[in-house]
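Colleague: After the structure tokens below, expect a handful of questions from me.
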Amino acid sequence: MTYLVPTSLLFLPLAQVINWIGLADSKWALVVTYPTFLVPFCTWLLMGYFRTVPKEVEECAMVDGATRIQALWRIVLPIAIPGLVCAVLFAFTLSWNEFIYALTFTSSSEQITASVGVTSELIRGDIYFWGELMAGAILGSVPIVVLYVFFLDYYVSGLTAGAVK
Amino acid sequence: MSGRVLRTKVLMHVLLVPFLIFALFPFYHMLLTSLKQDRELYDRHAVPLVIKQGPTLEHYTKLLWETEFLTWTKNSLLVTVLATTASGRASS
Chain A
1 MTYLVPTSLL FLPLAQVINW IGLADSKWAL VVTYPTFLVP FCTWLLMGYF RTVPKEVEEC
61 AMVDGATRIQ ALWRIVLPIA IPGLVCAVLF AFTLSWNEFI YALTFTSSSE QITASVGVTS
121 ELIRGDIYFW GELMAGAILG SVPIVVLYVF FLDYYVSGLT AGAVK
Chain B
166 MSGRVLRTKV LMHVLLVPFL IFALFPFYHM LLTSLKQDRE LYDRHAVPLV IKQGPTLEHY
226 TKLLWETEFL TWTKNSLLVT VLATTASGRA SS
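So the sequences go chain by chain: A and B.
Per this note's numbering, the first sequence starts with residue 1, numbered consecutively.
Per this note's numbering, the second sequence starts with residue 166, numbered consecutively.
Now the structure itself:
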């Protein structure tokens, strides 16, 4: 549903819901609303990855006496860790870069996120503080760069190669 | 590696250089603008692609201490980490 309706329309009803549960102008509104697009995204990404895990691996675990839940939790999930890391990375990037929800649901200076803060407080009317804006853009991209460098080894590896003989 | 394979590889990488420049230029410009002094930044006759009058960290100190950038980043981190862990747990 969140992918059929563009975010720029969906924030209107969501703002009403946020008001109704009393989270207006609070960063907790963002913690509540970001999963509405992150959960479908992660599910969709992981669905593709879980499909690459051979069915035989699961069947082997169940032959050895594991229940279906145990097979999923102790066998399939560890195999799917590269996919999980990938999903978490993309979800982190998505919510770090999110703008419309952050702009509409929060407004006071103690509650806004970095992407909104830089663009709303460093542009006063038609005066652009270019130096500070660009410094903010540089500093704001550091966490994602660090995360990608840190997890690069994980998400390029294929763990299922050779699992089934 | 035979000479022919090596030559193809080198040629391919050379052909990729324009794309690399295209991809990295915005970051170069961002870095340059953030390090320039205001005097040069707003000079209409200055060349925008180089720093001539010396770099400065003035914009960074201003951003960090005179605005609430650190609070915003803290908010960003909190929201992102919580939302991401919640979604990761929910969908796996």
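No residue lacks a Cβ here, since even glycine has one placed at the ideal position from N, Cα and C.
Flag this pair as touching only if the segment 114–132 of chain A and the segment 232–241 of chain B have three or more C-beta atom pairs under 8 Å; answer yes or no.
Modeller: At 8 Å Cβ cutoff, the stretches touch.
Colleague: Helix or strand or just coil, what does DSSP make of Ile-81 (chain A)?
Modeller: As a working mapping, residue 81 (chain A) is identified with position 81 in the first sequence. Ile-81 (chain A): helix per DSSP, three-state reduction.
Colleague: Taking 7 Å as the cut-off, is the beta-carbon of Asn-97 (chain A) closer than that to any non-hydrogen atom of the ligand NAP?
Modeller: Looking for the ligand NAP in the displayed structure turns up nothing, as the structure carries no ligands at all.
Colleague: Does DSSP classify Arg-51 (chain A) as helix, strand or coil?
Modeller: As a position in the first sequence, residue 51 (chain A) is number 51, starting the count at 1. Note: Arg-51 (chain A) maps to helix in three-state DSSP.
Colleague: Whose CA, out of B:Ala-255, B:Val-246, B:Phe-234, lies closest to the CA of Trp-28 (chain A)?
Modeller: Residue numbering aside, residue 28 (chain A) sits at position 28 when the first sequence is read from its first letter. Out of B:Ala-255, B:Val-246, B:Phe-234, B:Val-246 has the C-alpha closest to the C-alpha of Trp-28 (chain A).
Colleague: Could you give the DSSP three-state label for Ile-138 (chain A): helix, strand or coil?
Modeller: As a working note, residue 138 (chain A) is residue 138 in the first sequence. Ile-138 (chain A): helix per DSSP, three-state reduction.
Colleague: Looking at chain B, is there any beta carbon in it that lies within less than 8 Å of the beta carbon of Thr-43 (chain A)?
Modeller: Locating residue 43 (chain A) in the first sequence gives position 43, where the first residue counts as 1. So, interface residue.
Colleague: Which residues in the same chain have their Cβ closer than 7 Å to the Cβ of Val-32 (chain A), if we skip the five residues on either side of it in sequence?
Modeller: The residue given as residue 32 (chain A) occupies position 32 in the first sequence. The residues are Leu-23.
Colleague: Hey, is Phe-187 (chain B)'s beta-carbon within less than 8 Å of any beta-carbon in chain A?
Modeller: What you label residue 187 (chain B) is simply residue 22 of the second sequence in a count that begins at 1. Cβ-Cβ to chain A under 8 Å: no for Phe-187 (chain B).
Colleague: How about the segment 195–203 of chain B and the segment 92–104 of chain A: do they share at least three Cβ pairs that are nearer than 8 Å?
Modeller: No, the segment 195–203 of chain B does not touch the segment 92–104 of chain A.
Colleague: I'd like to check one pair, Ala-80 (chain A) with Cys-42 (chain A): are the Cβ atoms closer than 8 Å?
Modeller: In the first sequence, the residue the question calls residue 42 (chain A) occupies position 42. In the first sequence, the residue the question calls residue 80 (chain A) occupies position 80. Contact: no.
Colleague: If you follow the alpha helix (DSSP H) that His-178 (chain B) is part of, which residue opens it and which one closes it?
Modeller: Numbered from its first residue, the second sequence carries residue 178 (chain B) at position 13. Where His-178 (chain B) is concerned, the enclosing alpha helix (DSSP H) stretches over 168–200.
Colleague: Listed from N- to C-terminal order along the chain, which residues in the segment 122–135 of chain A have their beta-carbon within a distance smaller than 9 Å of any beta-carbon of chain C?
Modeller: The chain labelled as chain C is not found among the protein chains of the depicted structure, namely A and B.
Colleague: Does Pro-213 (chain B) pass the burial test, meaning 16 or more other C-beta atoms within 10 Å, or should it be called exposed?
Modeller: Start at 1 with the first residue of the second sequence, and residue 213 (chain B) comes out as number 48. Exposed, by the Cβ-count rule.
Colleague: Mind checking Ala-255 (chain B): buried by the 16 CB within 10 Å criterion, or exposed?
Modeller: The count along the second sequence starts at 1 and reaches residue 255 (chain B) at position 90. So Ala-255 (chain B) counts as exposed.
Colleague: Please identify the residue among B:Lys-227, B:Thr-232, B:Phe-190, B:Leu-243 whose C-alpha is closest to the C-alpha of Val-215 (chain B).
Modeller: Position 50 of the second sequence, counting from 1, holds the residue named residue 215 (chain B). It is B:Phe-190.
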